Amino acid sequence: AQSVTQLGSHVSVSEGALVLLRCNYSSSVPPYLFWYVQYPNQGLQLLLKYTSAATLVKGINGFEAEFKKSETSFHLTKPSAHMSDAAEYFCAVSDRDSGNTPLVFGKGTRLSVIA
Amino acid sequence: DTAVSQTPKYLVTQMGNDKSIKCEQNLGHDTMYWYKQDSKKFLKIMFSYNNKELIINETVPNRFSPKSPDKAHLNLHINSLELGDSAVYFCASSQDLIRGNTGELFFGEGSRLTVL
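Listed in order, the protein sequences are those of chains A and B. Remember, our numbering sits 900 above the position in the first sequence when you count from 1. Remember, our numbering sits 1 above the position in the second sequence when you count from 1.
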C-alpha cells in the first residue's frame, strides 16, 4: 500500500526566503503525487500534481515540485516566501492501478512566514 | 457555483445528540468521500461511495452512517455523539482511477463539529 511521509510538522521561514517542504512516498507502482494547501478555516486546495508527464511540476502561487524516482521524493519549493503562504501543506499519493482507492495523505507541514 | 458544498459549516451540540452533515458536488464526479481531520490536522478517510455504492468503510464506529441518495450527494449522519467526535469533517469528490483519471480530490470547505 502506498504512503507518504512529510518531514517536519512545522517549518518557519523569513519572508523572501526559500520555502522547502519535504515529502517522500512509498508505492509499489509509479504513483500520482499531489500537494494540497489548507488555509486557516478552509478546505484543501490543489497546489500541483505529478502525473508522469514531466518530473518538474509547476503549480499555483509560484510553487513547484520535482519528482525524483531514485529518491522517492516529491519536495515542494518556492523561491521567495510571502506572508500569504502561511498555511498547512499536505502531500498525497494515489496508486494509478488502485481503482477507487482514495488519496493517502501525509500528516501535513505547517508553514509559518516571519516578517 | 461552489463545486463541492457541505452544510452546515459549524455545528455545536451536546453529547448524546444525533446530527447530520450534507454534501453536494456539481462536478459530475462518480466518487465521493468523507474525511475526518483531527485537532493535529491529520486527514483520515472514513467512507467512499462510487455511484451511490459504498466502496470504502474504514474502521469507523457504526454510530457514523453515510448515505448517498444519488451520485451528486453524500450525507453523513452521526448518532449518540461523543466528545471524541469533535473534528472537522471534509467531503470530497473525484473521478475514479478506472477511467484513467488521477484521482485528484476536490474538497468542500469542511464542517467543524464541536461536541460539548
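Glycine included, every Cβ here is placed at the ideal spot set by N, Cα and C. Bear in mind that the values here come from a model prediction, so they are computed numbers and not experimental data.
Quiz item: Which partner residues does residue 105 of chain B have in the DSSP bridge list?
Solution: Paired residue(s): none; residue 105 of chain B is not in a bridge.
Exercise. Could you tell me which uninterrupted alpha helix (DSSP H) segments, each at least 4 residues in length, are contained entirely in the region 919 to 967 of chain A, listed from first to last along the chain?
Key: Restricted to the region 919 to 967 of chain A, not a single alpha helix (DSSP H) segment is unbroken, complete and at least 4 residues in length.
Quiz item: Excluding sequence positions up to five away, which residues of its chain have a Cβ less than 8 Å from the Cβ of residue 70 of chain B?
Solution: 53, 76
Exercise. Give the secondary structure of residue 72 of chain B by DSSP, where H, G and I count as helix, E and B as strand, and everything else as coil.
Key: coil
Quiz prompt | Residue(s) in a DSSP beta bridge with residue 43 of chain B | solution = Answer is none; residue 43 of chain B lacks a bridge partner.
Quiz item: Where do the N-terminal and C-terminal ends of the beta strand (DSSP E) with residue 95 of chain B fall, by residue?
Solution: 88 to 95
Exercise. Pair every Cβ in the region 979 to 995 of chain A with every Cβ in the region 922 to 931 of chain A, then say whether three or more of these pairs are closer than 8 Å.
Key: yes
Exercise. Can you give me the Cβ contacts of residue 47 of chain B inside the same chain, cut-off strictly under 6 Å, excluding the 5 residues immediately before and after it?
Key: Scanning its chain for C-beta atoms nearer than 6 Å, with the 5 sequence neighbours on each side dropped, one finds around residue 47 of chain B the residues 35, 37, 59, 61, in chain order.
Quiz item: If we cut at 9 Å on Cβ distances, does residue 924 of chain A have a partner in chain B?
Solution: Interface with chain B (9 Å Cβ-Cβ cutoff): residue 924 of chain A is excluded.
Quiz item: Alpha carbon to alpha carbon, how far is residue 139 of chain B from residue 117 of chain B?
Solution: Outside the shown range of chain B, which is 2 to 117, sits residue 139 of chain B, and nothing can be said about it.
Practice problem: Could you please tell me which residues of the region 980 to 996 of chain A, in chain order, have their CB closer than 9 Å to any CB of chain B? | Solution: 988, 990, 992, 994, 995, 996
Exercise. Let me know if residue 90 of chain B comes out buried or exposed under the rule of 16 or more other beta-carbons within 10 Å of its beta-carbon.
Key: buried
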